[in-house]
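>
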Amino acid sequence: MNLFRTKSISQIQADAAAGMTEHVGDAAPAGTLRRTLGVFDLTLMGIAAIIGAGIFAMVGKASYNGGPAVALLFVFTAVACAFSALCYAEFASRIPVAGSAYTYAYASMGEFIAWIIGWDLIVEYAIGNIAVAISWSDYFTGLLKGYGIDIPLHFTMDFLTAKRGYAAVTEAVAGGATVDALTTACSATDAAISCGQMDGYLAWLNAPKLGSLSVVCDLPALLITLVITTLVFIGIRESKFASNIMTVLKIGIILLVIFLGLNYVNPANWSPFAPNGVEGVLKGVSAVFFAYIGFDALSTTAEECKNPRRDLPIAMIASLVVCTILYIAVTLVLTGMVSYKMLDVGDPLAFVFGPEGANIPWVAGIIAVSAVIALATVFLVFQIGQPRLWMAMSRDGLLPKKFSSIHPKFNTPWFATIITGLVVAIPALFMNLTEVTDLASIGTLFAFVVVCAGVLFKEKEFKESGTRYVPYINSQFLLPIILIIVGYVIYYFSPTFYSDLITITPKDGETMLGAFSHKIPMIFFVIVSVLLVFFSLTKKLSLIPILGLLSCLYLMTELGVTNWIRFGVWLLVGMVIYFMYGYRNSHLNRDSEEASG
Numbered sequence: 014m015n016l017f018r019t020k021s022i023s024q025i026q027a028d029a030a031a032g033m034t035e036h037v038g039d040a041a042p043a044g045t046l047r048r049t050l051g052v053f054d055l056t057l058m059g060i061a062a063i064i065g066a067g068i069f070a071m072v073g074k075a076s077y078n079g080g081p082a083v084a085l086l087f088v089f090t091a092v093a094c095a096f097s098a099l100c101y102a103e104f105a106s107r108i109p110v111a112g113s114a115y116t117y118a119y120a121s122m123g124e125f126i127a128w129i130i131g132w133d134l135i136v137e138y139a140i141g142n143i144a145v146a147i148s149w150s151d152y153f154t155g156l157l158k159g160y161g162i163d164i165p166l167h168f169t170m171d172f173l174t175a176k177r178g179y180a181a182v183t184e185a186v187a188g189g190a191t192v193d194a195l196t197t198a199c200s201a202t203d204a205a206i207s208c209g210q211m212d213g214y215l216a217w218l219n220a221p222k223l224g225s226l227s228v229v230c231d232l233p234a235l236l237i238t239l240v241i242t243t244l245v246f247i248g249i250r251e252s253k254f255a256s257n258i259m260t261v262l263k264i265g266i267i268l269l270v271i272f273l274g275l276n277y278v279n280p281a282n283w284s285p286f287a288p289n290g291v292e293g294v295l296k297g298v299s300a301v302f303f304a305y306i307g308f309d310a311l312s313t314t315a316e317e318c319k320n321p322r323r324d325l326p327i328a329m330i331a332s333l334v335v336c337t338i339l340y341i342a343v344t345l346v347l348t349g350m351v352s353y354k355m356l357d358v359g360d361p362l363a364f365v366f367g368p369e370g371a372n373i374p375w376v377a378g379i380i381a382v383s384a385v386i387a388l389a390t391v392f393l394v395f396q397i398g399q400p401r402l403w404m405a406m407s408r409d410g411l412l413p414k415k416f417s418s419i420h421p422k423f424n425t426p427w428f429a430t431i432i433t434g435l436v437v438a439i440p441a442l443f444m445n446l447t448e449v450t451d452l453a454s455i456g457t458l459f460a461f462v463v464v465c466a467g468v469l470f471k472e473k474e475f476k477e478s479g480t481r482y483v484p485y486i487n488s489q490f491l492l493p494i495i496l497i498i499v500g501y502v503i504y505y506f507s508p509t510f511y512s513d514l515i516t517i518t519p520k521d522g523e524t525m526l527g528a529f530s531h532k533i534p535m536i537f538f539v540i541v542s543v544l545l546v547f548f549s550l551t552k553k554l555s556l557i558p559i560l561g562l563l564s565c566l567y568l569m570t571e572l573g574v575t576n577w578i579r580f581g582v583w584l585l586v587g588m589v590i591y592f593m594y595g596y597r598n599s600h601l602n603r604d605s606e607e608a609s610g
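Residue numbers (this note's numbering): 14 to 610.
Quick look at the structure:
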């Protein structure tokens, strides 16, 4: 059994050509994708994918924990993403076919790792979009409520939240409380029953019945899924047009926030700059990184680009730079307009223009509309990416052939698009997936780590080929020096960091093993760092992919051991599917059997 059999770059390109013609133009032959995306389209698509819930919702929570210094966290995360973007650009320029990190892993580390990455990216694209659909529903219903349009709670809430809310309130009432008293007290910080639980109770109570079962479902989440999936099914040209319009509008709103907000900035709000120290700033890692997820989805559109070798690398890096500048500016404006202590809200951009801030109601209304648009563009780009990933895996035989079927009229992977729509729509109707954002983050970071490692595996081949996006910088002495400097900076700002790392202190009700488990991600990071230093000294590895790998791996450690366990279980399920179907049906396996036969 050869789990690490690889496909050469020339073989990948030949296989893609066999499945589709290298056709440039808007009229593509039947059975092929339509090449219609240029640099401008791709850059806007990258911005559309990156700027979403991160800037419209999560930047507030991150600023509350870290203060104005969160702007520096955006810089650090952008640098980590930039290292990964360069590695993506390296592969995209050499393997301009659909498949993203899956295809790159197939060329560098073998089929098994490629399958793991393909399975992992489902977390980022399809499962991540379930969370986006639910978030969009929340913003959309809030926007309608602002105009006096109320959709019944049982048609805007997921089944589990309503059921749990009903159970909690029923238990409280059985204990002697009244519904009116619980409703009045729900907004207090120490309330026994939260307002969200009260909404769940009312949704379950007033929902239509199917027998003894209450019919509670998130219809707006279903609506946006159907609309976006239909748009993606019809064609990339139509998707591009819609995405470009929404993205230009979204950028315009953000620029309005920045330049109008500058007039209301009070520099005194920037002091203290890091009120809760380094630890406070690092609490925002998950939220801040989630704000950058998306630029890698561009690489799934390689076969619909006019000139993918040139355009994809430029667009990925350009979108990352533009979004970083916007994020830093927005963070500084928000923390300058009001105190960071007031930003623990779900809609920080609208909040700072409300009564607590500049008190400009019409701006707050525009921002509410733009948040709905922003999430729709994120949804669109990810919904484009997932079917094309499945199409690439199907071409290699790891998924059934139907997943790589191209619609004769619309020139899109029609079957994979429909399945993606169902995978998102059905869970979004009934499930509460708040924690999916962390799972999406860890899945994306893992993909970044593998792509950076892939460049290291292909270093010799890339070095001999001439033009490259990741310049070779000898890490033999630079990496140890950089790690020593970083270690000293950590000690300077957090003197107890290293002692805390080796000290195991169980919390109330926690076992020693449970307390130790929280240290495992950081221990793993330290081991990988030591190994990379060793190989850098002995093999003279390239510095940039190592920095990308270590930066993303460190961000993974900040997501906690619980998310590592969930992610590990997800990968185990994927392995079972691979060994039951993928390995036997792989085209590489078929070719090797024919050769031996």
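Ideal Cβ positions, reconstructed from N, Cα and C, are used throughout, including at glycine.
Cβ atoms of V245 and I60: under 8 Å apart, would you say?
To locate residue 60, count along the sequence shown from 1; it is residue 47. To locate residue 245, count along the sequence shown from 1; it is residue 232. In this structure, V245 does not lie closer than 8 Å to I60 by Cβ.
> Return the chain-ordered list of same chain residues with a C-beta closer than 6 Å to the C-beta of T524, the five sequence neighbours on each side being excluded.
Mapped onto the sequence shown, residue 524 falls at position 511. Once the five neighbours on either side are set aside, T524 has no close Cβ partner at all.
> Would you report the Cα separation of R401 and R408, rounded to the nearest angstrom?
Translated into the one-based positions of the sequence shown, residue 401 becomes position 388. Translated into the one-based positions of the sequence shown, residue 408 becomes position 395. Each residue's alpha carbon lies about 11 Å from the other.
> To which residues does DSSP link T344 through a beta bridge?
As a first step, residue 344 is located in the sequence shown; it is residue number 331 there, counting from the start. In the DSSP output, where bridge partners are listed per residue, T344 has none listed.
> What does a CB cutoff of less than 6 Å around D39 pick up in its chain, not counting 5 residues either side in sequence?
As a position in the sequence shown, residue 39 is number 26, starting the count at 1. Summary for D39: the model assigns pLDDT 41, below 50, so the residue's position carries little reliability; its value from the coordinates is reported in the next sentence. Here the set comprises T49.
> Assign S256 to one of three DSSP states: helix, strand, or coil.
Here the question's residue 256 lines up with position 243 in the sequence shown. In the structure shown, S256 sits in a helix (DSSP, three-state: H, G or I).
> Three or more beta-carbon pairs under 8 Å between the region 531-541 and the region 569-579, yes or no?
The region 531-541, when compared against the region 569-579, does touch it at the 8 Å Cβ threshold.
> Pick out whichever of K74, A384, V346 and I147 has its Cα sitting closest to the Cα of C437.
For the purposes of this step, residue 437 is taken as the residue at position 424 of the sequence shown. Here the sequence assigns Val to residue 437, which means Cys is not the residue at that position. Checking every option, the nearest Cα to that of V437 belongs to I147.
> Can you grab the Cα-Cα spacing for the pair Y340 / M404, in whole Å?
In the sequence shown, residue 340 corresponds to position 327, counting from 1. In the sequence shown, residue 404 corresponds to position 391, counting from 1. Looking at the two C-alpha atoms, the distance is approximately 34 Å.
> Could you say if the region 226-242 and the region 190-197 meet the contact criterion of at least three C-beta pairs nearer than 8 Å?
no
> Identify the continuous alpha helix (DSSP H) that holds Q399 and give its terminal residues.
Start at 1 with the first residue of the sequence shown, and residue 399 comes out as number 386. Counting along the chain, the alpha helix (DSSP H) containing Q399 begins and ends at P374 to R408.
> At what residue ranges does the region 279-363 contain a whole run of the beta strand (DSSP E), taking only runs of 3 or more?
none
> Taking just the CA atoms, how far does S512 sit from G297?
Looking up residue 297 in the sequence shown gives position 284. Looking up residue 512 in the sequence shown gives position 499. Approximately 23 Å, taken between the alpha carbons.
> Is the beta carbon of A453 closer than 8 Å to that of I25?
Indexing the sequence shown from 1 puts residue 25 at position 12. Indexing the sequence shown from 1 puts residue 453 at position 440. In this structure, A453 does not lie closer than 8 Å to I25 by Cβ.
> Please determine if the region 552-562 and the region 484-495 are in contact, where contact requires at least 3 C-beta pairs separated by less than 8 Å.
yes
> Among residues of its own chain, excluding the 5 on either side of A91, which ones have a beta-carbon nearer than 6 Å to its beta-carbon?
In the sequence shown, the residue the question calls residue 91 occupies position 78. Counting only Cβ-Cβ distances below 6 Å, and skipping sequence neighbours, we find T337.
> As an exercise, report each continuous beta strand (DSSP E) stretch of at least 3 residues that is fully enclosed by the region 414-450, in chain order.
none
> Enumerate in chain order the residues of its own chain whose CB-to-CB distance from T243 is below 7 Å, with the five nearest sequence positions on each side excluded.
Taking the first residue of the sequence shown as position 1, residue 243 is located at position 230. For T243, where only same-chain residues beyond five positions count, there are no Cβ hits under 7 Å.
> Thinking C565 and A102 are a contact (beta carbons under 8 Å), I'd like their distance in whole angstroms, please.
By one-based count along the sequence shown, residue 565 stands at place 552. By one-based count along the sequence shown, residue 102 stands at place 89. Rounded to whole angstroms, the Cβ separation of C565 and A102 is 16 Å, and the two are not in contact under 8 Å.
> Who does D231 pair with in a DSSP beta bridge?
For this step, residue 231 is matched to residue 218 along the sequence shown. In the DSSP output, where bridge partners are listed per residue, D231 has T169.
> Given that a residue counts as buried once 16 or more other Cβ atoms are within 10 Å of its Cβ, and exposed if not, what is E35?
As a working note, residue 35 is residue 22 in the sequence shown. In this prediction, E35 has a pLDDT of 33, which is less than 50 and means its spatial position is unreliable; what the coordinates show is noted afterwards. Label assigned to E35: exposed.
> From which residue to which residue does the alpha helix (DSSP H) around V589 run?
In the sequence shown, residue 589 corresponds to position 576, counting from 1. From DSSP, the alpha helix (DSSP H) with V589 extends over V574 to I590.
> Please check the pair F63 and F308, which I expect to be a contact at CB under 8 Å, by giving their CB distance rounded to whole angstroms.
Within the sequence shown, numbered from 1, the residue matching residue 63 stands at position 50. Within the sequence shown, numbered from 1, the residue matching residue 308 stands at position 295. One detail in the question is off: residue 63 reads as Ile in this sequence, not Phe. Right, the Cβ-Cβ distance comes to about 6 Å (below 8 Å), so this counts as a contact.
> What is the DSSP secondary structure of L134, counted as helix, strand or coil?
The residue labelled residue 134 in the question sits at position 121 within the sequence shown. Here L134 sits in helix by DSSP.
> Secondary structure at K176, three-state DSSP: helix, strand or coil?
Position 163 of the sequence shown holds residue 176. The answer is helix: DSSP assigns K176 an H, G or I state.
> Buried or exposed: where does R107 fall if 16 or more other Cβ atoms within 10 Å of its Cβ makes it buried?
Translated into positions along the sequence shown, residue 107 becomes position 94. With 16 or more Cβ atoms within 10 Å of its Cβ, R107 is classed as buried.
> Please list, in chain order, all residues of the same chain as D324 whose beta carbon is under 8 Å from its beta carbon, the five residues on each side excluded.
For the purposes of this step, residue 324 is identified with residue 311 of the sequence shown, where counting begins at 1. So the list reads L50, G51, V52, L55 and C318, once near-sequence residues are dropped.
> Do you know offhand how far I373's Cα is from K263's?
In the sequence shown, the residue the question calls residue 373 occupies position 360. In the sequence shown, the residue the question calls residue 263 occupies position 250. Cα-Cα distance, rounded: 19 Å.
> Which same chain residues end up closer than 6 Å to A371 when comparing Cβ atoms and leaving out the 5 residues on each side of it in sequence?
As a first step, residue 371 must be located in the sequence shown, where it is residue number 358. Cβ neighbours of A371 beyond the five flanking positions: Y277.
> Hey, would you say F392 sits closer than 8 Å to I143, going by beta carbons?
Residue 392 sits at position 379 when you count from the first residue of the sequence shown. Residue 143 sits at position 130 when you count from the first residue of the sequence shown. No; because the gap between Cβ atoms is not below 8 Å, this pair is not in contact.
> Can you give the Cα-Cα distance for A220 and L166, rounded to whole angstroms?
By one-based count along the sequence shown, residue 220 stands at place 207. By one-based count along the sequence shown, residue 166 stands at place 153. Taking the straight line joining both Cα atoms gives about 8 Å.
> Is it right to say V88 is buried, meaning 16 or more other beta carbons lie within 10 angstroms of its own, or is it exposed?
Residue 88 sits at position 75 when you count from the first residue of the sequence shown. Looking at its Cβ environment, which holds fewer than 16 other Cβ atoms inside 10 Å, V88 is exposed.
> Can you tell me the Cα-Cα spacing of L584 and F125, whole angstroms?
On the sequence shown, residue 584 is found 571 positions in, with the first residue counted as 1. On the sequence shown, residue 125 is found 112 positions in, with the first residue counted as 1. Cα-Cα distance, rounded: 12 Å.
> So, for V385: in the same chain, excluding its five sequence neighbours on each side, which residues have a beta-carbon less than 7 Å away from its beta-carbon?
Residue 385 sits at position 372 when you count from the first residue of the sequence shown. Counting only Cβ-Cβ distances below 7 Å, and skipping sequence neighbours, we find W149, Y152, F153 and L156.
> Among all the DSSP beta bridges, which residues are the ones paired with S549?
On the sequence shown, residue 549 is found 536 positions in, with the first residue counted as 1. S549 pairs with nothing; no bridge assigned.
> With distance defined between alpha-carbon atoms, name the residue in A287, S549 and A105 nearest to A75.
For this step, residue 75 is matched to residue 62 along the sequence shown. Residue A287 is the option with its Cα nearest to A75.
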